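There are 2 protein chains.
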Amino acid sequence: MTTDAQILSALRSAENGGVSGAELAQQIGISRAAVWARIEELRQLGFEIEASPHLGYRLLDEPDLLLADDLLARLGRTKVIGRDIRVFAKTSSTNDVIEKLARDGVKEGVVVFAESQTKGRGRLGRQWVSPARKGLWFSVLLRPDLRPQETTQLTVAAATALWRAIHEQTGLQPEIKWPNDILIRGRKTAGILTELSAELDHVKYVILGLGLDVNMTANEFPADLRKTATSLRIESGKPVLRAELATAILRELDRDYARVCAGRFAAVADEWEEHCTTLGRSVSIHVGDRRIRGHAESLDEDGALLVRTEHGHLERIIGGDVTLDK
Amino acid sequence: MTTDAQILSALRSAENGGVSGAELAQQIGISRAAVWARIEELRQLGFEIEASPHLGYRLLDEPDLLLADDLLARLGRTKVIGRDIRVFAKTSSTNDVIEKLARDGVKEGVVVFAESQTKGRGRLGRQWVSPARKGLWFSVLLRPDLRPQETTQLTVAAATALWRAIHEQTGLQPEIKWPNDILIRGRKTAGILTELSAELDHVKYVILGLGLDVNMTANEFPADLRKTATSLRIESGKPVLRAELATAILRELDRDYARVCAGRFAAVADEWEEHCTTLGRSVSIHVGDRRIRGHAESLDEDGALLVRTEHGHLERIIGGDVTLDK
Numbered sequence: 014m015t016t017d018a019q020i021l022s023a024l025r026s027a028e029n030g031g032v033s034g035a036e037l038a039q040q041i042g043i044s045r046a047a048v049w050a051r052i053e054e055l056r057q058l059g060f061e062i063e064a065s066p067h068l069g070y071r072l073l074d075e076p077d078l079l080l081a082d083d084l085l086a087r088l089g090r091t092k093v094i095g096r097d098i099r100v101f102a103k104t105s106s107t108n109d110v111i112e113k114l115a116r117d118g119v120k121e122g123v124v125v126f127a128e129s130q131t132k133g134r135g136r137l138g139r140q141w142v143s144p145a146r147k148g149l150w151f152s153v154l155l156r157p158d159l160r161p162q163e164t165t166q167l168t169v170a171a172a173t174a175l176w177r178a179i180h181e182q183t184g185l186q187p188e189i190k191w192p193n194d195i196l197i198r199g200r201k202t203a204g205i206l207t208e209l210s211a212e213l214d215h216v217k218y219v220i221l222g223l224g225l226d227v228n229m230t231a232n233e234f235p236a237d238l239r240k241t242a243t244s245l246r247i248e249s250g251k252p253v254l255r256a257e258l259a260t261a262i263l264r265e266l267d268r269d270y271a272r273v274c275a276g277r278f279a280a281v282a283d284e285w286e287e288h289c290t291t292l293g294r295s296v297s298i299h300v301g302d303r304r305i306r307g308h309a310e311s312l313d314e315d316g317a318l319l320v321r322t323e324h325g326h327l328e329r330i331i332g333g334d335v336t337l338d339k
Numbered sequence: 014m015t016t017d018a019q020i021l022s023a024l025r026s027a028e029n030g031g032v033s034g035a036e037l038a039q040q041i042g043i044s045r046a047a048v049w050a051r052i053e054e055l056r057q058l059g060f061e062i063e064a065s066p067h068l069g070y071r072l073l074d075e076p077d078l079l080l081a082d083d084l085l086a087r088l089g090r091t092k093v094i095g096r097d098i099r100v101f102a103k104t105s106s107t108n109d110v111i112e113k114l115a116r117d118g119v120k121e122g123v124v125v126f127a128e129s130q131t132k133g134r135g136r137l138g139r140q141w142v143s144p145a146r147k148g149l150w151f152s153v154l155l156r157p158d159l160r161p162q163e164t165t166q167l168t169v170a171a172a173t174a175l176w177r178a179i180h181e182q183t184g185l186q187p188e189i190k191w192p193n194d195i196l197i198r199g200r201k202t203a204g205i206l207t208e209l210s211a212e213l214d215h216v217k218y219v220i221l222g223l224g225l226d227v228n229m230t231a232n233e234f235p236a237d238l239r240k241t242a243t244s245l246r247i248e249s250g251k252p253v254l255r256a257e258l259a260t261a262i263l264r265e266l267d268r269d270y271a272r273v274c275a276g277r278f279a280a281v282a283d284e285w286e287e288h289c290t291t292l293g294r295s296v297s298i299h300v301g302d303r304r305i306r307g308h309a310e311s312l313d314e315d316g317a318l319l320v321r322t323e324h325g326h327l328e329r330i331i332g333g334d335v336t337l338d339k
């Protein structure tokens, strides 16, 4: 953990009590002057830190900023996800950044956040609107021992992780729409873009790209999205501290990824089915030029959707655009 | 076509007759002095070109070199494969070069040859020995409208294309070993490495990497490969002109790729089955940590191998290490 992360961690755990400069210096193993200098830097970044002769340093307020140090301090220990966190003010697409890291041989679990993306992408190269500091736009590098067709398991795991983190942080009840959308009251608030690099029978790496509309107000959505998209702020009625939500997601994702890697995908799938509004419904699915209509019955062991078609046979769907029929 | 390619093309089609500098200049639309300068350059590259006052320029002998111009001239018109050909003297791996081109948005069909590779790869990151000028080491970029699990179709198509080109150029009768090896009398002489970049339901691009042991002599193979590997030269008893073989392969691959894209994979699969020594045999297959034993029955519509296991059920194999049991 960096010095800044250690200071923030100590200030947060001090609750209302405050921590003296001497205590901080001793805990971290730096001089009191160095503590003072770091505190000044944190104030520059927007952290409101009071220094009182009696109580020492107290953290009064935190900016809604994504800072790698701060995210690492909040996250604490995880198995894989978020052991390495990088934050960009602006980038083309966090999936592109992760792809470069993947090719450079960076270890799995690295997470790249961007405060804004100039070329945020959804599935099939569609544009993903990602205005500065209003949402969470980030990507995670995974190197699972899976076959390409099993990669859907990771999308399903990411959806359950998102579900738990959003529910825990906001009290909202999201719905999962197969395979990669999180809705609240029928409107999309988060999406997952899964990209893979593979040989025929062997995944080299997977990039999970996550996009969450967190603090956007209704008029911050483009006009054509207002009926179909929403944000956690709109739905919960109050702004959400993104750093707290982000680390909650990484923690949950770490847990789900461990379950998938241990061969316990069935447990993830059970949880997923509980929150999924696609199952048990009549659906239309566009896969390339094909349109499949039928009844969404269940997930199979690889996370594919099993749809009983109008003609009565069971079709296995790996991805596509799903519309819920009335 | 470049000037060099046009000159070579004209010299070849002149057969024994020769072409005058004036004819060449007029055909190509450059000055006679420019023709002379290009001919000099071609001689520097090893082309033996005679200039006689009566017959004009005559091509007496060609070096066993891969030159982009020359390959383009030999190839002639194709639909997709080889419209853009690039030759490197040495590179890490031609698949890596194509991957960079793919990310830069280069059109499908581009082919990268290397006279030697420093990090030639087989499946699962295994080393592929690729000594200078002894074989064909090249990769092709494809952007098919396929789902990831259909990519095996392209490996199968590449194998049939290799079969036809080798048979046509050498008269040999290769055998195909599922999914990606070409054997002659039981020894490996060529391999195919298929790598893909994809979303869950949609291939972004596929890289077909092909490696052929063409002119290696027995003692040019590493000792540990001598019993299992062979070259076309060893098997046919004479050296093979690599440029001619290379363009034959590209031509056949263009034909098979067109069949796959037109939804006529079944025709490719039929041809494949004719030459495949895996079907109808008892096989052991290693897929990751699993070992599957059974009887190789047929290919399915996506090019996967259908194996009837010892327990009687049909297993669908997308990739793996196949051993033919006696």
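Here the protein sequences line up with chains A and B, keeping their order. Whatever position you read off the first sequence (first residue = 1), add 13 for the working numbering. Whatever position you read off the second sequence (first residue = 1), add 13 for the working numbering. We put the CB at the ideal spot given by N, CA and C, even for glycine. Keep in mind that this is a model prediction, so the values were computed, not measured.
Residue closest to residue i, alpha-carbon to alpha-carbon, out of the options
i         : options                                    : result
Lys120(A) : Ala102(A), Leu155(A), Lys190(A)            : Leu155(A)
Gln57(B)  : Leu78(B), Ile189(B), Leu159(B)             : Leu78(B)
Asn29(B)  : Leu80(B), Leu73(B), Thr168(B)              : Leu73(B)
Arg268(A) : Glu75(A), Glu63(A), Ala50(A), Leu167(A)    : Leu167(A)
Ala145(B) : Thr165(B), Ser106(B), Val335(B), Val110(B) : Ser106(B)
Ser295(A) : Ala27(A), Glu323(A), Cys274(A), Gly250(A)  : Glu323(A)
Val153(A) : Gly69(A), Trp191(A), Ile98(A), Lys251(A)   : Ile98(A)
Asp315(A) : Gly199(A), Thr336(A), Pro192(A)            : Pro192(A)
Cys274(A) : Leu292(A), Arg71(A), Asp158(A)             : Asp158(A)
Ile262(B) : Ala23(B), Gly89(B), Glu54(B)               : Gly89(B)
Val169(B) : Lys147(B), Leu206(B), Arg134(B)            : Leu206(B)
Ala27(A)  : Leu68(A), Val110(A), Gln140(A)             : Leu68(A)
His180(B) : Ala64(B), His288(B), Glu61(B), Glu53(B)    : His288(B)
Ser65(A)  : Arg304(A), Gly199(A), Gly31(A)             : Gly31(A)
Own chain, CB closer than 6 Å to residue i, minus 5 neighbours either side, in chain order
i         : result
Arg321(B) : Gly307, His308, Glu310, Leu327
Arg96(A)  : Gly122
Gly34(B)  : Arg45, Val48
Glu248(B) : Leu185, Ile197
Asp334(B) : His299
Ser210(B) : Lys217, Tyr218
Cβ separation of residue i and residue j, assumed to be a contact under 8 Å, to the nearest whole Å
i         : j         : result
Met229(B) : Arg255(B) : Their Cβ separation, rounded to whole angstroms, is 12 Å, which puts Met229(B) and Arg255(B) out of contact at 8 Å.
Glu212(A) : Glu208(B) : 6 Å
Gly204(A) : Asp194(A) : 5 Å
Ala114(A) : Ala259(A) : The identity of residue 114(A) in the sequence shown is Leu, whereas the question assumes Ala. Not quite, the Cβ-Cβ distance comes to about 18 Å (not below 8 Å), so this is no contact.
Tyr270(A) : Val93(A)  : 6 Å
Thr290(A) : Glu188(A) : 4 Å
Lys201(B) : Thr241(B) : 6 Å
Val216(A) : Arg277(A) : Not quite, the Cβ-Cβ distance comes to about 18 Å (not below 8 Å), so this is no contact.
Gly224(A) : Asn108(A) : Not really, about 10 Å apart at Cβ, beyond 8 Å.
Leu37(A)  : Ala23(A)  : 6 Å
Same chain only: Cβ atoms within 8 Å of residue i, ignoring 5 sequence neighbours per side
i         : result
Gln19(A)  : Gln40, Ile41, Ala86
Leu319(A) : Ala309, Glu310, Ser311, Leu312, Asp313, Leu327, Glu328, Arg329, Ile330
Asp214(A) : Arg160, Pro161
Leu337(A) : Lys190, Thr290, Thr291, Arg294, Ser295, Val296
Arg272(B) : Ala170, Phe278, Ala280, Val281
Own chain partners of residue i with C-beta closer than 7 Å, once the 5 adjacent residues on each side are dropped
i         : result
Glu265(A) : Ala174, Arg177, Ala178
Val253(A) : Gln182, Thr183, Val227, Asn228, Leu245, Arg246
Pro235(B) : Val142
Asp302(A) : none
Ala317(B) : Thr165, Arg329, Ile330, Ile331
Arg83(A)  : The identity of residue 83(A) in the sequence shown is Asp, whereas the question assumes Arg. Hits under 7 Å: Ala18, Leu21, Ala256.
Gly59(A)  : Pro76, Leu78
Ala231(A) : Arg239, Ile247
Arg25(B)  : Leu72
So within the segment 248-329 of chain A, which uninterrupted alpha helix (DSSP H) runs reach at least 4 residues, ignoring any that extend past its ends?
Unbroken alpha helix (DSSP H) runs of no fewer than 4 residues, entirely contained in the segment 248-329 of chain A, are found at 255-274, 278-288, following chain order.
Is it a yes or a no for the segment 168-178 of chain B touching the segment 276-283 of chain B, going by three-plus beta-carbon pairs under 8 Å?
They touch, by the three-pair rule.
For the pair the segment 102-114 of chain B and the segment 123-137 of chain B, tell me if three or more CB-CB distances fall below 8 Å.
These segments touch.
What ranges does the alpha helix (DSSP H) occupy inside the segment 76-101 of chain A, keeping only unbroken runs of at least 4 residues that lie completely in it?
Counting whole runs of 4 or more residues, the segment 76-101 of chain A contains the alpha helix (DSSP H) stretches 81-88.
Please specify which runs of the beta strand (DSSP E), each continuous and at least 3 residues long, are wholly inside the segment 166-244 of chain A, giving them in chain order.
Positions of the beta strand (DSSP E) runs, each at least 3 residues long and wholly inside the segment 166-244 of chain A, are given as 188-190, 194-197, 200-212, 215-226 in order along the chain.
For a minimum of 3 consecutive residues, which ranges assigned as the beta strand (DSSP E) are wholly contained in the segment 96-150 of chain B?
Annotation note: the segment 96-150 of chain B contains the following uninterrupted beta strand (DSSP E) runs of length 3 or greater, listed N- to C-terminal: 98-104, 124-130.
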